[in-house]
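Undergrad: The opening residue of the sequence shown carries number 1 in the UniProt record's numbering; numbering runs sequentially from there. The C-beta atom is built at its ideal place from N, Cα and C for all residues, glycine as well. Below is a structure I'd like to ask you about.
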Amino acid sequence: MKRPKLKKASKRVTCAKRFKIEKKVRQHHKKLRKEAKKNGISKRVKKDIGVPNSAPFKEEILREAEKRKLALDELKEQTRIAKITVKAQKRKQEKEAAKAETEPKAKKQKKDKKTKQKKKQSATGSDRSSKRFRCQELNKVIQASDVVVEVLDARDPLGCRCPELEEAVLKHEGKKLMFLLNKIDLVPKDNLKKWLDYLQLECPTFVFKASTQVQDRTVEEKKRRKGSGRVDHSRAFAALGDTCLMELLENIAKTRDTEIMLKVGVVGFPSTGKSSLINSMKGVRACHAGVQRGLTKSMQEVHISKAVKMIDSPGIIATPSNPPVSMVLRSLKVEEKEESPVEAVRILLNQCNQQQIMLQYNVPDYRNSNEFLTYFAKKRGLMIKGGVLNTELAASTFLNDWTGAKLSYYSKPPTNHSLPPYLSDAMVTEMQRDVDMVKLKSGNEETINSVKCPNPASSMEFLSTGPTAGTFNEDEIPEEKAVEAVMETVVEEDEEEMAAEMDDLHEDEAEETTQKIETGETASAAHKAEVKRVTFNVDLSSGRQNDNDTYDFNTDFM
1 MKRPKLKKAS KRVTCAKRFK IEKKVRQHHK KLRKEAKKNG ISKRVKKDIG VPNSAPFKEE
61 ILREAEKRKL ALDELKEQTR IAKITVKAQK RKQEKEAAKA ETEPKAKKQK KDKKTKQKKK
121 QSATGSDRSS KRFRCQELNK VIQASDVVVE VLDARDPLGC RCPELEEAVL KHEGKKLMFL
181 LNKIDLVPKD NLKKWLDYLQ LECPTFVFKA STQVQDRTVE EKKRRKGSGR VDHSRAFAAL
241 GDTCLMELLE NIAKTRDTEI MLKVGVVGFP STGKSSLINS MKGVRACHAG VQRGLTKSMQ
301 EVHISKAVKM IDSPGIIATP SNPPVSMVLR SLKVEEKEES PVEAVRILLN QCNQQQIMLQ
361 YNVPDYRNSN EFLTYFAKKR GLMIKGGVLN TELAASTFLN DWTGAKLSYY SKPPTNHSLP
421 PYLSDAMVTE MQRDVDMVKL KSGNEETINS VKCPNPASSM EFLSTGPTAG TFNEDEIPEE
481 KAVEAVMETV VEEDEEEMAA EMDDLHEDEA EETTQKIETG ETASAAHKAE VKRVTFNVDL
541 SSGRQNDNDT YDFNTDFM
């Protein structure tokens, strides 16, 4: 029954009606259970008891089940990411289509003009960051140099050697090839001495530790440092082995009996320390150097003294035929977005001992690379918005530890030594002809004694994959799009989209404010009108009629 002056009727019913409804419901459920029993349908779900303890190979079965679960989770994640990317692309296309319709003609003409200019620039000039340009610059350095110093990472000297480079240098008559072991403070001393004895059998080899805190080249900075009267002898500031290298290079320049300066080309794979070597020899920051790989794009001449001039060069381009570990450590695939850092970490972890990685990074036992990156990101506090662990940044940090001058690991030299096919005993003698080997040996011993090296227990053992093949022929390198041009177009598109969105936002805000003002005026007017016409009628006679205060169930309980 609908009560007077109320929109909805009361839900109250009599007890007889309520009991009758409950009885009908019970009868209905009973009937459904009977029919389900006749048809053989069981509502009860059987409990999964799992693998019993008495079952053979229980651990293997559980491991396989866990692997299947992880594979399913990865597949779900991939499908989710694919859906998100498809939606984002679709949304972007819709925005571009809507923008093209509303874009004025003058703006379109300006945009077409910019694209034409960029096409002309790409057709006429080569991209400085392309592999072809770097290959050209590297060949220029080899041709212009009198002495070529191949910089090797002391943690994996054999992996940093490039047979194609050494063969190209030895083909030119009168050119000398020398080895330089850099980052010697990251390997044990015994291992360093073994590698030094191994490499001395082929070419003159120097040991070197570059300075990671070289002062700026500005005059004001030099004056400030001189005026302070203090010299920093800390581990990062001091460069070791520079005196021995400088003396021997000046001796070679004197034996040539020419007024022309001795040109020393510094070559090697990315992140071996070529630019840091030149900065340490010069004493100021003459070349751009840092943790990021591939910073040097072109050759750069730096005057070290009156007789010696060093030439910085881009990193050697590793060929795709190399093993995956060599490509991760010696190429720029991650920096050029050809490979994800997570995949590079997976390749590196497969090459290392798991126990040593756990001890080095202080992480618990992990099953795969994704779990390791999760632990590593949690340990370093690498998170993004919302408290989610940033595994991409963790992977990049892990790679920087391996390629930079931070992580201590070492590889063992081969037990038996044999000269490569492009090198003969006569060439070895020719390489050592103008070099004072006694002075070189004493200088290396002095450098090794003065450097602080880690213990073998605190360093990781790394299995080297052998020399890394490189390419010096421009025709072998496939054509690629100019990265800088692509990045410029992407940045410009983002800026245009941002400007368009800001314009739309300002327009929407203006419309909203006008609507608010209009609605506010109308609302205030309506409120005033309501206030004027609302009247209260109070009937005082009703109170007098119900003077009896006795309780009545039929009237008061409703």
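Straight-line CA distance for Glu461 to Lys183?
TA: For the purposes of this step, residue 461 is taken as residue 461 along the sequence shown, with counting starting at 1. For the purposes of this step, residue 183 is taken as residue 183 along the sequence shown, with counting starting at 1. Going from the Cα of Glu461 to the Cα of Lys183 covers about 16 angstroms.
Undergrad: Here's the rule I'm using: 16 or more other beta-carbon atoms within 10 Å means buried, otherwise exposed. How should Pro421 be labelled?
TA: Position 421 of the sequence shown, counted from the start, is the residue given in the question as residue 421. Exposed, because fewer than 16 other Cβ atoms sit within 10 Å of the Cβ of Pro421.
Undergrad: Select from Val13, Thr255, Leu165 the residue whose C-alpha is nearest the C-alpha of Val151.
TA: As a position in the sequence shown, residue 151 is number 151, starting the count at 1. With distances taken between Cα atoms, Val151 lies closest to Leu165.
Undergrad: Count Cβ pairs between the stretch 370 to 382 and the stretch 305 to 323 that sit closer than 8 angstroms; are there 3 or more?
TA: The answer is no - the stretch 305 to 323 does not touch the stretch 370 to 382, with fewer than three Cβ pairs under 8 angstroms.
Undergrad: Relative to the C-alpha of Asn400, which residue among Thr447, Met358, Val342 is closest?
TA: Position 400 of the sequence shown holds residue 400. Checked all of Thr447, Met358, Val342; the closest Cα to Asn400 is Val342.
Undergrad: Taking the straight line between their C-alpha atoms, what separation do you get for Val388 and Arg68?
TA: The residue given as residue 388 occupies position 388 in the sequence shown. The residue given as residue 68 occupies position 68 in the sequence shown. Distance between the alpha carbons of Val388 and Arg68 is about 25 angstroms.
Undergrad: Within 10 angstroms of its Cβ, does Glu137 collect 16 or more other Cβ (buried), or is it exposed?
TA: Here residue 137 corresponds to residue number 137 of the sequence shown, with the count starting at 1. It is buried - the Cβ of Glu137 has at least 16 other Cβ atoms within 10 Å.
Undergrad: Measuring alpha carbon to alpha carbon, tell me which residue in Gln355, Asp434, Leu199, Gly273 is nearest Leu158.
TA: Numbered from 1 along the sequence shown, position 158 holds the residue referred to as residue 158. Among Gln355, Asp434, Leu199, Gly273, the Cα nearest to that of Leu158 is on Leu199.
Undergrad: Judging by CA-CA distance, which residue of Lys193, Ile252, Cys15 is the nearest neighbour of Lys309?
TA: Locating residue 309 in the sequence shown gives position 309, where the first residue counts as 1. The residue with the shortest Cα to Cα distance from Lys309 is Ile252.
Undergrad: With H, G and I counted as helix, E and B as strand and the rest as coil, what does DSSP make of Gly265?
TA: Against the sequence shown, residue 265 aligns to sequence position 265. Reduced to three states, the DSSP call for Gly265 is strand.
Undergrad: Ile260 to Ala307, Cα distance in whole Å?
TA: The residue you call residue 260 lines up with position 260 of the sequence shown. The residue you call residue 307 lines up with position 307 of the sequence shown. Roughly 8 angstroms between the two C-alpha positions.
Undergrad: With which residues is Ala146 paired in a DSSP beta bridge?
TA: Within the sequence shown, residue 146 is the residue found at index 146, counting from 1. The question names Ala, yet the displayed sequence has Asp at residue 146. According to DSSP, which records beta bridges pairwise, Asp146 is partnered with nothing at all.
Undergrad: Could you tell me if Cys15 is buried or exposed, where buried requires 16 or more neighbouring beta carbons within 10 angstroms of its beta carbon?
TA: Taking the sequence shown and counting its residues from 1, the one referred to as residue 15 is at position 15. So Cys15 counts as exposed.
Undergrad: So Ser313 and Val266 are in contact, right, with Cβ under 8 angstroms, and what is the actual spacing, rounded?
TA: Position 313 of the sequence shown, counted from the first residue, corresponds to residue 313. Position 266 of the sequence shown, counted from the first residue, corresponds to residue 266. Their Cβ separation, rounded to whole angstroms, is 6 angstroms, which keeps Ser313 and Val266 in contact under 8 angstroms.
Undergrad: Could you tell me the distance, in whole angstroms, from the CA atom of Glu101 to the CA atom of Thr79?
TA: The sequence position of residue 101 within the sequence shown is 101, counting from 1. The sequence position of residue 79 within the sequence shown is 79, counting from 1. Their Cα atoms are separated by approximately 33 angstroms.
Undergrad: Would the stretch 291 to 308 and the stretch 172 to 182 be scored as touching if the rule is three or more Cβ pairs under 8 angstroms?
TA: No: fewer than three Cβ pairs fall under 8 angstroms.
Undergrad: On the CB-based measure, 16 or more other CB atoms within 10 Å of its CB, does Asp197 come out buried or exposed?
TA: Counting from one through the sequence shown, the residue named residue 197 turns up at place 197. By the 10 Å Cβ count, Asp197 comes out exposed.
Undergrad: Would you decide whether Ile317 is buried or exposed? Buried here means 16 or more other CB atoms lie within 10 Å of its CB.
TA: On the sequence shown, position 317 is the one that residue 317 refers to. Counting Cβ neighbours within 10 Å, Ile317 comes out buried, since at least 16 surround it.
Undergrad: Can you tell which of Glu247, Ala239, Lys254, Gly268 has the C-alpha that lies nearest to the C-alpha of Asn279?
TA: If you number the sequence shown from 1, residue 279 lands on position 279. Nearest option by C-alpha distance: Ala239.
Undergrad: Taking the continuous alpha helix (DSSP H) assigned at Asn368, which residues delimit it?
TA: Here residue 368 corresponds to residue number 368 of the sequence shown, with the count starting at 1. Segment: none, Asn368 is in no alpha helix (DSSP H) and carries neither H nor E.
Undergrad: Along the chain, where does the alpha helix (DSSP H) containing Lys425 start, and where does it finish?
TA: Your numbering for residue 425 matches position 425 in the sequence shown. The sequence given here places Asp at residue 425; Lys does not occur at that position. Where Asp425 is concerned, the enclosing alpha helix (DSSP H) stretches over 425 to 431.
Undergrad: Considering only their Cβ atoms, is the gap separating Ser271 from Asp153 smaller than 9 angstroms?
TA: As a position in the sequence shown, residue 153 is number 153, starting the count at 1. As a position in the sequence shown, residue 271 is number 271, starting the count at 1. A contact, by the Cβ cut-off of 9 angstroms.
Undergrad: Do Phe269 and Cys352 come within 9 angstroms of each other at the CB atom, strictly closer than that value?
TA: As a position in the sequence shown, residue 352 is number 352, starting the count at 1. As a position in the sequence shown, residue 269 is number 269, starting the count at 1. No. Outside cutoff.
Undergrad: Helix, strand or coil for His303, going by three-state DSSP, please let me know.
TA: Working through the sequence shown from its first residue, we reach residue 303 at position 303. In this structure, His303 counts as strand in the three-state DSSP scheme.
Undergrad: Counting C-beta neighbours from all protein chains within 10 Å, is the total for Arg134 16 or more, i.e. buried, or is it exposed?
TA: In the sequence shown, residue 134 corresponds to position 134, counting from 1. Classification for Arg134: buried.
Undergrad: Are the stretch 424 to 432 and the stretch 366 to 373 touching, with three or more C-beta to C-beta distances below 8 angstroms?
TA: Contact between the stretch 424 to 432 and the stretch 366 to 373 is absent, because fewer than three Cβ pairs lie under 8 angstroms.
Undergrad: Please go through the same chain and pick out, in chain order, the residues whose beta-carbon is closer than 8 angstroms to the beta-carbon of Asn53, but skip the five residues on each side of it.
TA: As a working note, residue 53 is residue 53 in the sequence shown. Once the five neighbours on either side are set aside, Asn53 has no close Cβ partner at all.
Undergrad: Would Thr85 and Gly241 qualify as a contact pair, given that the criterion is a beta-carbon distance under 9 angstroms?
TA: As a working note, residue 85 is residue 85 in the sequence shown. As a working note, residue 241 is residue 241 in the sequence shown. The answer is no: Cβ separation not under 9 angstroms.
Undergrad: Quick one: grab the DSSP three-state call for Glu35.
TA: Here residue 35 corresponds to residue number 35 of the sequence shown, with the count starting at 1. Note: Glu35 maps to helix in three-state DSSP.
Undergrad: Alpha carbon to alpha carbon, what distance is there between Ala395 and Glu445?
TA: As a working mapping, residue 445 is identified with position 445 in the sequence shown. As a working mapping, residue 395 is identified with position 395 in the sequence shown. Distance between the alpha carbons of Glu445 and Ala395 is about 37 angstroms.
Undergrad: For the beta strand (DSSP E) containing Thr102, list its first residue and its last residue.
TA: Here residue 102 corresponds to residue number 102 of the sequence shown, with the count starting at 1. No beta strand (DSSP E) holds Thr102; the alpha helix (DSSP H) holding it covers 58 to 102.
Undergrad: Tell me the DSSP secondary structure of Asn251 in three-state form.
TA: Numbered from 1 along the sequence shown, position 251 holds the residue referred to as residue 251. Asn251: helix per DSSP, three-state reduction.
Undergrad: For the beta strand (DSSP E) that Leu177 lies in, which residues bound it at each end?
TA: Counted from its first residue, the sequence shown places residue 177 at position 177. Here the beta strand (DSSP E) through Leu177 covers 176 to 182.
Undergrad: Measure from the alpha carbon of Pro454 to the alpha carbon of each residue in Ala82, Gly470, Ser408, then state which is nearest.
TA: Within the sequence shown, the letter at position 454 stands for residue 454. Here the closest residue by C-alpha is Ser408.
Undergrad: Report yes if the C-beta distance between residue 559 and Lys140 is below 9 angstroms; otherwise report no.
TA: Absent from the structure is residue 559, since the part of the chain shown begins at 1 and ends at 558.
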